Amino acid sequence: MPKVEIIGLTKKFKSAKDEEILALDNLNLNIPSKKYSTLLGPSGCGKTTLLRIITGLISPTKGQVLFNKEDVSLRPPQERDIGFVFQHFSIFPHMDVWHNTAYGPLVRGWEKEDIAKAVKINLKLVGLDDRAKALPHELSGGMRQRLGLARALATHAKLLLLDEPLSALDAKIGAYLRYELRKIVKNNRLTAIHVTHNQEEAMMISDNIILMRKGRIVQTGSPVELYNYPKTIFAANFIGKCNFFTARKLSDNLIDIGGRKLAVKKNIKYDEMVIGIRPEKIHLKSHPGQALFTGKIDLINFLGHLYEYRINVNGNIIKAYKRIKDDKLPEKYREGDKVNFSISGDDIFIFPKPKDIKKELSLD
Amino acid sequence: MSNILHGGAILNWQIFKAVLISFFIGLVVLLIDLAFGLPLAWVLARSRSKMARLVDSLIDLSLVMPTAALGLSVYLYWGEKIGLARLFGLKEGLFDKGIMMIILLHVVFTIPYIIRSISAAIRQIEDSYTEAAVTLGAYPFTSFRTISLPLFRDGIINGSILAFTRSLSETGATMMVAGLVSTAPVLAVNLKNAGELPQAIGLSMILIASAIFILIGAKAMLGQKTINLDHVYPRLEKRIGKLTIPRNLMIGLFFIFVIFLPTIFIILYSFGNWEAVFSETIIKSIIISFAVAFVVTVINLIFALPLAYMIARSKSFFGKLFDSMNEIVLLVPTSALGISLVLFWSNFLSFEYIILILTHLCFSFPLLLKPLVVAFRDIPLDLEEAAHSLGANSKQVLKTILFPLVIPAIIAGSIMAFMRSLSETGATLAVSSQIQTVPVLIVNLVQDAKFGQAAFISTLLFAVALLFLLILKYFTYRKNH
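The listed protein sequences correspond, in order, to chains A and B. Everything in the first sequence is counted per my numbering, starting at 11 for the first residue and increasing by one. Everything in the second sequence is counted per my numbering, starting at 827 for the first residue and increasing by one.
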């Protein structure tokens, strides 16, 4: 069904002080049909603005939105045949569950039997079929969002747009609803576009992540691609956790990290660079000599299945994970211990050194 | 009581007719208010255009204008050849004094209540409800009818209570445009002044009782939210939603010619008809009015502050009971209130000024108390507890935490009470036939057909009122930003 294309999309707002704000900067994007896509990014990156333009709730300053190659940029939301799920549910407070679900079919003037059928199917889908007479205030947050989903789907919309649908829920309930959302979208062969600032949520729920920052698209790809092959320092930092070092090229396959040499397989393109490494790729070694770095453990966090160490190396904090195996308990390191660790040239991401590293590393 | 029962049959019919006329006028006025006020409130709450903002700030003008001045203004605008008639080159005014003109007058001062209540209610509805409706396929009119309207129903009911009871109880301005027609409050004052006290009392009781009934009846409707979704006409409603330009044009013309121009007409008129005015009577009236209003406000303040705190912090039934009592006092026609207070106080006092002040205290007190209660309720208990935990005693908490936070409410409430006292007509007429406050003087001058003088004092009173409104707006603006 629907394939969504964004062509040269720009959105400018006027701020309260009459300053012009560039919310979206000439975006081009293909959102595949029947896939679960997320628009991921920090607050203010333009992801919600993009979703609302796709919905038709706001109009773009420039550019086009295509549904199945057809330009819908000027079409009002009523005529876009979409389902929209709101962050704060926006369940009509003066209608019961049944009428909330029936609202879309009703205002379209469907036949009574068709309405009843659509309501029944969709309430069953979200597990609310026994609460049809309940009023919204009698439902829990999780139930209200299920209702929001049933209501959005009752018109047989094939394009489902979700604006931070899980972020107003308790963490546990939100995490559980992730599975259900994905299951419903996949089982019903829907196209979903889901806005979130939560990278963990995006990783778990998506087929396809569109990572945004400051009105632009940073990278698109599957969760695995984004985690293993981040294109920028920001992408490596925003998706998952990452440690960064500045480094210098010694030869095509050798770099210098603060006086320590590291061999890499790839050909080095830059003279000055920033390298990134995930915490689980930091290898703690107890013997000096094998190690590349030495530091002091500032903090140990117990996360159940692993320990997170925060290691202070000359004032820089390096995060490292160590998986917990039954026979390794109790933990042999203590806070304040000196520790050595090494990294492998195969595990690192290499980025050109930016002008302002702090700016690249900031999460907004 | 037996006096009422033994009153003449003619007078009873007269009373019945006056009450009937008052209810009829109130109902028609309410219907006009809703027909134009609803779309106007909607546009004002939603639009961000400069035009809408201008209209928004002009809406309160007729609330600010003392009703006696307003009555004269509306009369001159509709009833005299120098008014709207001049625009059409007519030799006479468009309407004679009577029911039509009373309705036109009442619409002017009641519509702000409708617009204010409804636009406040509209602003409280989350945009996402209408957005949800729209994404589900509802066209704007359908979404307005099925989502917005039921959600701000309470705002409509609250505004309607205010508008209807206000129309039912207005005295001073109505006297000027009524001609031979007697509405209930006008008749009450006339009966009292003619010495027909039993009939005046009977009529006052009917008015007070109906205000209470309306309040109870309307309150019972609050909070019930039902909606009929069985009838949706997608095509028709889609077309209606597109009629925004004729709608805006219609409410724009209505606002200009029926609300705004009649309100300010007196100012235009007084510039053209400048008469030597500062006679001894007028200066005396001004002094009396301001002195009474000042004394009333100060006394109100002394009692309202501690009482407001008690009510705001009371979790018992007392707080709620008080809220509704407060509303009843606001809704009771002031002329009826005046008559009942005269009856009550004249047993103990003979000095008219004191009775006048006591009467003004009675109807202005709720105006001051209400914002104070709201302000105290808005102060989280945490703040007081935090101050106590830091070692402040009750007196210090009062001085350093509570008092500074309620100052805007004190100013707002004081201005409203002061203005109400300054511009009140009905009760003052009922209390005394000798004391001439400014509004009473205006009524008397109009009855003597001295329009020039009346217009001048009206403009003066209006200027004072406007000044206070600006101060009020300044403080509420500061509070909100």
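Backbone N, C-alpha and C define an ideal beta-carbon position, used for all residues, glycine too. These numbers come from a predicted model, not from an experiment.
Reduced DSSP category for residue i - H, G, I as helix; E, B as strand; rest coil
i, result
"residue 362 of chain A", "strand"
"residue 965 of chain B", "coil"
"residue 305 of chain A", "strand"
"residue 1229 of chain B", "helix"
"residue 192 of chain A", "helix"
"residue 891 of chain B", "coil"
"residue 972 of chain B", "helix"
"residue 835 of chain B", "Here the model assigns residue 835 of chain B a pLDDT of 44, short of 50, so the residue's position is not dependable and the matter cannot be decided."
"residue 46 of chain A", "strand"
"residue 343 of chain A", "coil"
"residue 827 of chain B", "Residue placement at residue 827 of chain B cannot be trusted, given a pLDDT of 40 that sits under 50; what the coordinates show is reported in the next sentence. Coil, per DSSP."
"residue 319 of chain A", "strand"
"residue 1059 of chain B", "coil"
"residue 880 of chain B", "helix"
"residue 1270 of chain B", "helix"
"residue 1275 of chain B", "coil"
"residue 98 of chain A", "coil"
"residue 1216 of chain B", "coil"
"residue 81 of chain A", "strand"
"residue 1294 of chain B", "helix"
"residue 104 of chain A", "coil"
"residue 74 of chain A", "strand"
"residue 327 of chain A", "strand"
Beta carbon proximity, residue i to chain B, threshold 8 Å
i, result
"residue 352 of chain A", "no"
"residue 49 of chain A", "no"
"residue 156 of chain A", "no"
"residue 147 of chain A", "no"
"residue 161 of chain A", "yes"
Chain-ordered chain B contacts of residue i [CB-CB under 8 Å]
i, result
"residue 100 of chain A", "952, 954, 955, 957, 958"
8 Å Cβ cutoff, residue i in contact with chain D
i, result
"residue 67 of chain A", "Going by chain labels, chain D is absent from the structure shown, which instead holds the protein chains A and B."
Residue-chain proximity (residue i, chain A), Cβ-Cβ < 8 Å
i, result
"residue 829 of chain B", "Low per-residue confidence applies at residue 829 of chain B: pLDDT is 45, beneath 50, and the placement is therefore not dependable enough to give any value."
"residue 1184 of chain B", "no"
"residue 864 of chain B", "no"
"residue 1294 of chain B", "no"
"residue 846 of chain B", "no"
Under 7 Å by beta carbon: chain A residues contacting residue i
i, result
"residue 963 of chain B", "88, 114, 117, 118, 165"
"residue 973 of chain B", "102"
"residue 968 of chain B", "117"
Listed by chain order, chain A residues near residue i by CB distance under 9 Å
i, result
"residue 977 of chain B", "102, 103, 104"
Check: residue i C-beta below 7 Å from any heavy atom of the ligand MN
i, result
"residue 303 of chain A", "Within the structure as shown, the ligand MN is missing, as the structure has no ligands at all."
Whole alpha helix (DSSP H) elements within the segment 1119-1163 of chain B, 4-residue minimum
If we require 4 residues or more, the alpha helix (DSSP H) runs fully inside the segment 1119-1163 of chain B come out as 1143-1157.
Please identify, using Cβ separations under 7 Å, the residues of the segment 82-95 of chain A that lie next to chain B, in order along the chain.
Residues passing the 7 Å Cβ filter: 87, 88, 92, 94.
Tell me which residues of the segment 223-235 of chain A have at least one Cβ-Cβ distance to chain B shorter than 8 Å, keeping chain order.
The residues in question: there are none.
Contact set between the segment 1059-1073 of chain B and chain A, restricted to residues whose Cβ is under 7 Å from the partner:
Result list: 1060.
Quick one: complete beta strand (DSSP E) runs, 3+ long, within the segment 126-181 of chain A?
List check, beta strand (DSSP E) in window: 169-173.
Where in the segment 189-272 of chain A do unbroken runs of the alpha helix (DSSP H), each at least 4 residues long, occur, reported from the N-terminal end onward?
For the segment 189-272 of chain A, whole alpha helix (DSSP H) runs of length 4 or above, ordered along the chain, are 209-215, 233-238, 243-248.
Runs of 3 residues minimum, wholly inside the segment 11-42 of chain A: which ones carry the beta strand (DSSP E) assignment?
With a minimum length of 3 residues, the continuous beta strand (DSSP E) runs that stay inside the segment 11-42 of chain A are 14-24, 30-41.
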